[in-house]
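Residue numbers (UniProt numbering), protein chains in the order written: chain A, 1 to 646; chain B, 1 to 646; chain C, 1 to 646. Beta carbons: idealized from backbone N, C-alpha and C, even for Gly. As the structure is a prediction and not an experimental result, all values here were calculated from the model. First up is the structure itself, then whatever we jot down about it.
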Amino acid sequence: MFYGGDYNPEQWTAPVWHEDIALMRAAGVTLVTVGVFAWSALERAPGRYDFGWLDTVLDGLADAGIRVALATPTAAPPPWFSRRHPESLPVGPDGVRLSPGSRDTYCASAPAYRAAARRIALALGARYGGHPALALWRVHNEYGTTCYCDLTAAAFRAWLQRRYGSLDALNDAWTTAFWSQRYGDWELVLPPRRTQYLANPTQVLDFRRFTSDELLDAYREQRDVLRAAAPGIPVTTNYVLGDWVPVDHVRWSREVDLVAVDHYPSSSGPSAEEEAAFLADLARGWSGDKGWLLMESAPNLIYTPGRMHTKEPGRMTRQALAAVARGSRGAMFFQWRASRGGAELFHSALVPHAGTDSRVFREALALGPTLARTTEVLGAAVEARVAVGYHEPSAWALAATVLPSDAVDHRAEARHAHRALSRLGITCDVVGDLDDLSRYAVLVLPCWYLLTDSQAAELTAWVTGGGRLVVTYLSGVADEHARVRLGGYPGALRELLGVRVEEFHPLASGWSETVHLAGAVATVFYAGGGPAVTRHRVGSGDAWYVSTRLADDAYADLLGAIATEAGVAPVRPRPPAGVEVVRRTAGDRSWLFAINHGEMPYDLRAEGIDLLTGETVTWNTVLRPGAAMVVREASASARSAPGVGD
Amino acid sequence: MFYGGDYNPEQWTAPVWHEDIALMRAAGVTLVTVGVFAWSALERAPGRYDFGWLDTVLDGLADAGIRVALATPTAAPPPWFSRRHPESLPVGPDGVRLSPGSRDTYCASAPAYRAAARRIALALGARYGGHPALALWRVHNEYGTTCYCDLTAAAFRAWLQRRYGSLDALNDAWTTAFWSQRYGDWELVLPPRRTQYLANPTQVLDFRRFTSDELLDAYREQRDVLRAAAPGIPVTTNYVLGDWVPVDHVRWSREVDLVAVDHYPSSSGPSAEEEAAFLADLARGWSGDKGWLLMESAPNLIYTPGRMHTKEPGRMTRQALAAVARGSRGAMFFQWRASRGGAELFHSALVPHAGTDSRVFREALALGPTLARTTEVLGAAVEARVAVGYHEPSAWALAATVLPSDAVDHRAEARHAHRALSRLGITCDVVGDLDDLSRYAVLVLPCWYLLTDSQAAELTAWVTGGGRLVVTYLSGVADEHARVRLGGYPGALRELLGVRVEEFHPLASGWSETVHLAGAVATVFYAGGGPAVTRHRVGSGDAWYVSTRLADDAYADLLGAIATEAGVAPVRPRPPAGVEVVRRTAGDRSWLFAINHGEMPYDLRAEGIDLLTGETVTWNTVLRPGAAMVVREASASARSAPGVGD
Amino acid sequence: MFYGGDYNPEQWTAPVWHEDIALMRAAGVTLVTVGVFAWSALERAPGRYDFGWLDTVLDGLADAGIRVALATPTAAPPPWFSRRHPESLPVGPDGVRLSPGSRDTYCASAPAYRAAARRIALALGARYGGHPALALWRVHNEYGTTCYCDLTAAAFRAWLQRRYGSLDALNDAWTTAFWSQRYGDWELVLPPRRTQYLANPTQVLDFRRFTSDELLDAYREQRDVLRAAAPGIPVTTNYVLGDWVPVDHVRWSREVDLVAVDHYPSSSGPSAEEEAAFLADLARGWSGDKGWLLMESAPNLIYTPGRMHTKEPGRMTRQALAAVARGSRGAMFFQWRASRGGAELFHSALVPHAGTDSRVFREALALGPTLARTTEVLGAAVEARVAVGYHEPSAWALAATVLPSDAVDHRAEARHAHRALSRLGITCDVVGDLDDLSRYAVLVLPCWYLLTDSQAAELTAWVTGGGRLVVTYLSGVADEHARVRLGGYPGALRELLGVRVEEFHPLASGWSETVHLAGAVATVFYAGGGPAVTRHRVGSGDAWYVSTRLADDAYADLLGAIATEAGVAPVRPRPPAGVEVVRRTAGDRSWLFAINHGEMPYDLRAEGIDLLTGETVTWNTVLRPGAAMVVREASASARSAPGVGD
């Protein structure tokens, strides 16, 4: 079970390193990430490497039995590099070339940057590939820089040529007949730079796809260098979510050995835990069988707009256990020791500015042993027979398009479905592609805007075979090129859903539609009488259409009824707000994670041994507010949902 | 009576063209606008024209008896053009040259652009000047692009040399003695590019005037090419209103054969109809005797901030009739068939994505015959003895100046006066110049900031001869160079109004002033005792001054009293909210348009024949909510305003 | 006693000059500022000077006995200069070079600009150094333009080399180990231009320090030219406050002969007077013994966001007297005569657009004699035994740093302390450095973020010697390089305060902390039980720590108790809201300024002669709302605070 965080010895002196390693041992730290942003410390001038300090640190960590995720430092090229290769600095859509002085000041399409990144990766691989501390390579940091320069433009054109083959195909896909944008020569195609009025939405969408692939190429180059240098050491890069991140993690997850995610929730209330649960289920959806790890999180702060909120005592521990409950191979933090200067000097740390005589460090000391007690769950699966779709390209397309309402947000819709299922006590995967639905009984597609013909066919086959599909508004409205499918919405799914939508009517808060039944039956109606929610029996399955944004309770009721019909039981029925109950299983064995973030005691109704305390848990055990248990369940029968009386 | 809309065959294939023409015939479409934004389809490479598809479409339309407003496509130069002539791309005030990828990516001062625009206009004129479908040339689309490049700077200087003759005159007009801006050489004069702090307001004002004239030159060049190629075919361009539009439509209206306006109201409530009425009366004011046409409007949507509102059933038809009531030669829509891709793919259309089996298309089918039944009103005048001033340069000057309050908005003030008159049931013209006031009994000048000496003299002569002038705050405060006239506000009108304003006191919401009487008498007082509204009898007329922003009711009461004294009767007295009643007359004949956008029945009190139904209308006829009538009035006496009891 | 304002004869003709001088005499004007922004009128082409008009004006003023603050016009280079030296135009952080067309379009690091500024200063010095009207040189106007160009970058590097000596020292101070920013060559160091993500806060802080010093160099060059040309004539420049002003006035005040400040309050309510009092006490704090002058203020307007508020009758006079009460050598206004054009044409003036027949001008006529009656207070000191710290570099550092809360605002905190003291009736100095605290009994340091070791030592010595120090949250947390001092907050003052702060907990509105006592005792507790306010007796003094943002009343109560213990008496105890009572003293003599901005009568309790009326003031005199008195106090005993019964 991984426990630790980002560690930046280059900001400190040798005495501090020694103190840190001793403190890490005391806290039961098992893994630290070293080397992120250390380029200017590692290569002080072109080709002049200084590995001495890193040797010392890695040797010390190895001696202490602490493993290292060694990072390549390529997210922050040194000042000398930017001066030598100004063409490697990113350019904004307005043509302004950015200056060094922060981080992420690179253009992934600049050959000089790519070559330098390979070189420093090779140097690290050569020197540390066989180091006993090395457990994992972490390439770069939070890939996500977008550039609009001429080098990028050339790479974008090459990508488009591979994607479309011919200009005719591109003109068709981009609908360049609109507003006289027909391209007669590849050289005319550009990134979506600042222009006079609305941009072409497919150009914007493809540019995000391209940027994701271009960054992925940059990642793969380093990965391949590191694999060659150190066969057998897994390689990954840490993901981050956000509107600014032009990365389709589905495609990336095929290229990493372990899905590593950073998570900084955006609000301090209970939705922080909801958001974390969503991201965990999403990371698990991306990772498939290769596993995932919460690579960065803030120990004791939550960054809300305009203010850092202090996590309440115990919350860090509960959040760490919640990640493990949903499959994380541990809990890692940014950062080990707080910086004394630089742009993030008030960022949270396990060793805060105040030092070790602090609540935060004491909680860190306790967390290591706590996590260690859960080690037996490593490798156990999280059971989920329900899936919620989350499709980055649909989110991009919806953001790029002038929609009938600005309020449409694919991520919010996916989280809405996830929240409804959580209320029911049903564990779900959040999935980014529709390639293998066979393991699921129920699938929710919320505002999954872009749908290919073959995806529509796969969905139809899956429903026909017994799947329960729940589609919400704007799903399947467009093809993969963000072109509306004609003849009535949602074009790709009209037949499967047995409906034909004539018009959208976004409301001041919400959404409504004129829905015509074409095989489906209405189960919920608008105040004006038209169908709002419909059901279409297809083969041995059902295709539901939700043409509006349901209130939380109504959404949970609907999904609960569908799940019940599909034979999907909750882990525990409708746990109260703030209570997470998730089961992991491995063959006959199972563990029930129960975490009470709320303010009321919870009658858990479980039988077995709590790994955290070693105590026996009986049917009458109460989970106190703020407490968590990891119950190794007594028997298969103990797993069944509680009976009458609940 | 024109009925139809923008049609973009270049986005579709031949089978769709054939379907479209059949559908247009079914709907009674009489005019479609073709060719807007079709440049890259018409000229696929420099000088390589492809007219075949347009031949087919125009021939098909001609065969179907549908006329064409043939557009020149110059608002969207093709990608190849922008690459070949990068100097033709517009530059922002920050020096950033925009990229292609949208529309309107041209600089009207770039010789290469102007030459290319003439060439494509000539090619269209040569090929289609004699085409039987051709009814109208529509040059460009919504002229309004502002550029700050060096070519523009040179053109601006040439314009200034023509305007001022000498640098001394410019220095005086621009008050360059302020902040050390005196120009000693013409080459020093620049557009108002991004600068350190506040810009010179007269420089900004003159730059907008210049931009309007420069775009007008571009229009005129194309118009002259088309006139030469096709004598007898009227030429126009479609106007659009908005803060971003640097165009003084008064000057443009002298150069078009038909005033064509686009209108997209900005809110979905009843103010949409008020806004449409204002714009219609403004278009009529611009057009004088040459007539006007609602060239673009959205069939079934209203674009409000952040959300598209679906028009309620019947609203499209009522809005079309409301335009005809106020003089439009028909009702045209953007667009005929919804695009499947591109930046405006959810823009409204008569043939929506859902196709012809739709409420919208069914209403479109009915609208053609409805409009056709009103054909006999073509050429009839809209009677208005009251005028409201709307002065684009005053709006610009107020926007460019650091005023005592940010809340001053010339357009809002003009709409306020228009709304007050509408409440009274009084039809007014909205006029952009003061050249011929002889037809009016009452004139309202709302925040008409810039006033020349000769305009002031003309107003004095008109009042002396019996006119009733109502001037609101900030009118006449500055001269044509936006310099304050000294000695007390409003300098140009002080004598005529018989007042002297010492200070402005903008309020949190509203405006007040310290007004001294100098011949006028006060009719309304501020709470503090000072004059708020004053009246000055001059010759056989009256000059009123309104030093504050009156509430709607008080404004209507004031204007109603003034109109009554002037012998101006409403068409129908104080129609309820949402009811429009407008009369058109031709010699002895008259038609009463009555449109009920509201929710209550209205006792219309008219006698005659309703053109829309052919039914007889009697004194007791009730106009239902949502309904409209066009009553060919039985006799001159029927026109008089209702008698006692109303 | 100075009375007058900015006067721009270059905007007017000779007849107006003659009228103006006559009006100034009538109003008792004693000083006018001439020449600001007159460069293009004085030097119409390179080297071609036109001094004729200025000769005439200065001669006329001298004849009328009116003195002149002659300004150098260097804040607004003429168009010809900007064209000849485009490199002298400032460049924004995005690399956009600004255009002329406003004011302040200069780069202080451009050699051509600096040379031209020296030349015009020399020309003015040579011609007018001996002019009888000359009383004061005013260099430039509101220095504050920031530039990011390459010339600036070079100057920044030179400044950094002087500051740090070595790159190692810079790398250490800037914590460049964070995010790989280590500089291996001076050439790599740049201004904080637009970059990808968060900037280095110490780089930003040093760039502001540099900009202040660079502008100060530009000032000093002109000052030295003028001093050489006219020995004995004092030289100054007018300060302005604001977030955009990168100027540390403490350093500037060492270089001027008179501290001159411009003040435009930002709200129209009573806080305008509070803000003016704060700025006056701050100007006095900067000026030390050399005196200060309110150089610019608006006669009859207050500029609030979006709206200009008209000052109520009498308010201009009260505000002028309030400045004198706090040590200003008079009251000067922007401007004498309102401009008729240009960017500030609605700016306030003593002679408004309406002319002399106006309330404003009548109040201006009365103000001259009023101020003249207070002449005997010139040179008298303002007594203050309490000081509040205001530290521009701390304000900059807090603004540059990603803090736990966006709501931290050094200036607001300083004003908060000042307001609390004002409520108590205690006069304070606002001080910008801690070099000489011996005159103070109490010192409040509000969010004084940056503290050097030697400053901490001086504070300790001062407290040990009997000083009462009140430190609020975030003070002393960082060193002069904005690096957090480790081991517990506030590092530099932990020992002196006898506390150790473990964590910050910013609240939705407010701030709280986990405070551990380490010698101090808690006097106020948080609801949760922890110390909120603490007191630490050190030597014969006290060191208080306020870890939260206190409500106004609680803050006043706390500071009142501390002041009482320190033996500091209010001038008058807790004057009601809106009443200012300030004493000036000179040897045995004293004057009590009492100004009632509020709405209730005030029992002043003073004895002496009111200089404004010549009337005797007795113990029972009531100060009416809106009234002001300057009481020459009868005796030393009359100065004592009111006795029992108050």
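Spatial neighbours of residue i in its chain, beta-carbon cut-off 7 Å, leaving aside the 5 residues before and after
i: B:Arg67; result: Thr30, Leu31, Ala133 and Ala135
i: A:Thr310; result: Asn300 and Leu301
i: A:Gly560; result: Leu424
N- and C-terminal bounds of the beta strand (DSSP E) containing residue i
i: A:Ile595; result: Arg589 to Asn596
i: C:Ile302; result: Leu301 to Thr304
i: C:Glu344; result: No beta strand (DSSP E) holds C:Glu344; DSSP gives it neither H nor E.
i: A:Phe504; result: Val499 to Leu507
Residue i: first and last residue of the uninterrupted alpha helix (DSSP H) it sits in
i: B:Leu70; result: Not the alpha helix (DSSP H): B:Leu70 falls in the beta strand (DSSP E), residues Arg67 to Ala71.
i: A:Asp21; result: For the record, residue 21 of chain A in the displayed sequence is Ile; it is not Asp. Run containing A:Ile21: Ala14 to Ala27, per the alpha helix (DSSP H) assignment.
i: C:Met316; result: Arg315 to Ala325
i: A:Tyr449; result: Per DSSP, A:Tyr449 belongs to no alpha helix (DSSP H) and is neither H nor E.
i: C:Pro111; result: Pro111 to Tyr128
i: C:Leu398; result: Glu392 to Ala400
Alpha-carbon spacing of residue i relative to residue j, whole angstroms
i: C:Asp63; j: C:Leu371; result: 22 Å
i: B:Arg500; j: B:Ala527; result: 19 Å
i: B:Thr72; j: B:Gly626; result: 38 Å
i: A:Glu607; j: A:Phe51; result: 53 Å
i: residue 661 of chain B; j: C:Glu296; result: Limits of chain B in this structure are 1 at one end and 646 at the other, which puts residue 661 of chain B out of reach.
i: C:Leu258; j: C:Met1; result: 14 Å
i: B:Ala298; j: B:Ala349; result: 7 Å
i: B:Arg119; j: B:Leu42; result: 12 Å
Cβ neighbours of residue i in the same chain (closer than 8 Å, five flanking residues each side left out)
i: A:Ser540; result: Thr464, Gly465 and Gly466
i: B:Ile529; result: Note that residue 529 of chain B corresponds to Gly in the displayed sequence, not to Ile. Hits under 8 Å: none found.
i: C:Leu160; result: Leu170, Trp186, Val189, Asp206 and Phe210
Sequence-distant residues of the same chain with beta carbon closer than 6 Å to residue i, five excluded per side
i: A:Ala519; result: Residue identity check: residue 519 of chain A is Gly in the sequence provided, not Ala. Within the same chain, A:Gly519 has close Cβ partners Gly498 and His536.
i: B:Gly129; result: Ala229 and Ala230
Kindly provide the ranges of any beta strand (DSSP E) runs that are 3 or more residues long and lie completely inside the stretch 596 to 621 of chain A, ordered along the chain. Runs found: 608 to 610.
Under 8 Å, with one C-beta from each stretch per pair, do the stretch 75 to 88 of chain C and the stretch 183 to 196 of chain B reach the 3-pair mark? Verdict: yes, contact present.
What beta strand (DSSP E) runs, 3 residues minimum, are completely inside the stretch 412 to 440 of chain C? Entirely contained in the stretch 412 to 440 of chain C, the beta strand (DSSP E) runs reaching 3 residues are, in chain order, 428 to 431.
If we count Cβ pairs, one from each stretch, closer than 8 Å, do we get three or more for the stretch 432 to 452 of chain A versus the stretch 559 to 578 of chain A? By the Cβ rule, the stretch 432 to 452 of chain A counts as touching the stretch 559 to 578 of chain A, because three or more pairs are nearer than 8 Å.
Do the stretch 9 to 27 of chain A and the stretch 317 to 335 of chain A meet, that is, are 3 or more Cβ pairs less than 8 Å apart? Short answer: they don't touch.
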